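Mapping to the UniProt record's numbering: the sequence shown position 75 is 75, numbers consecutive.
Notes to accompany the following structure.
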Amino acid sequence: MSIKIDKDKCVGCGKCIDVCPGTLIYKDKENKAYIKYEKNCWGCTACLKECKVAAIKYYLGADIGGNGASLYVEQDKDILNWNITDKNGEKVVISTNRKEANRY
Ligand code: SF4
Ligand code: SF4
Numbered sequence: 001m002s003i004k005i006d007k008d009k010c011v012g013c014g015k016c017i018d019v020c021p022g023t024l025i026y027k028d029k030e031n032k033a034y035i036k037y038e039k040n041c042w043g044c045t046a047c048l049k050e051c052k053v054a055a056i057k058y059y060l061g062a063d064i065g066g067n068g069a070s071l072y073v074e075q076d077k078d079i080l081n082w083n084i085t086d087k088n089g090e091k092v093v094i095s096t097n098r099k100e101a102n103r104y
């Protein structure tokens, strides 16, 4: 599991850097975020949830989505839309509400 950051989408806000518990994300000379230690990413998805421009894509493990499956998050106020593409290219969107995250 790891992430990939789309430099063309990144606006350099630095939020992913602030929330990564492993201090794995840095900025380059162009003020764009990149992951330095891909193998150390344990897939907590904190950076995906903070990126307001959906610049971070998360690659799912073979045991979850199959090789090549990926995930990115789009935000609409408190709603997080988790866009999943499985190994066959099938797409699924799961929506969650931030305000209900600690409800249960
Ligand atoms: S998924 Fe978690 S561990 Fe991996 S880079 Fe993002 S914040 Fe860091
Ligand atoms: S949160 Fe998104 S836009 Fe902000 S620095 Fe990270 S990748 Fe770039």
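Ideal Cβ positions, reconstructed from N, Cα and C, are used throughout, including at glycine.
As the structure is a computational prediction, the values presented were derived from the model and not from experiment.
- Take Ala33, set aside five residues on each side of it, and the residues of its chain with a beta-carbon closer than 6 Å to its own are Ile5, Cys10, Cys16, Ile25, Lys27, in chain order.
- A Cβ closer than 6 Å to some heavy atom of ligand 2 marks a residue here, and those residues are Ile5, Cys10, Val11, Gly12, Cys13, Gly14, Lys15, Cys16, Ala33, Glu50, Cys51, Val53, Ala55, Ile56.
- DSSP places Val19 in the uninterrupted alpha helix (DSSP H) bounded by 15 to 19.
- Within 10 angstroms of the beta-carbon of Ala69 lie 16 or more other beta-carbons, which makes it buried.
- Exclusion of the five residues before and after Cys47 leaves Ile3, Cys16, Val19, Cys20, Ile25, Ile56 as the residues of its chain whose Cβ lies within less than 7 Å of its Cβ.
- Counting C-beta atoms within 10 angstroms of its own C-beta, Tyr37 has fewer than 16 neighbours from the protein chains shown and is therefore classed as exposed.
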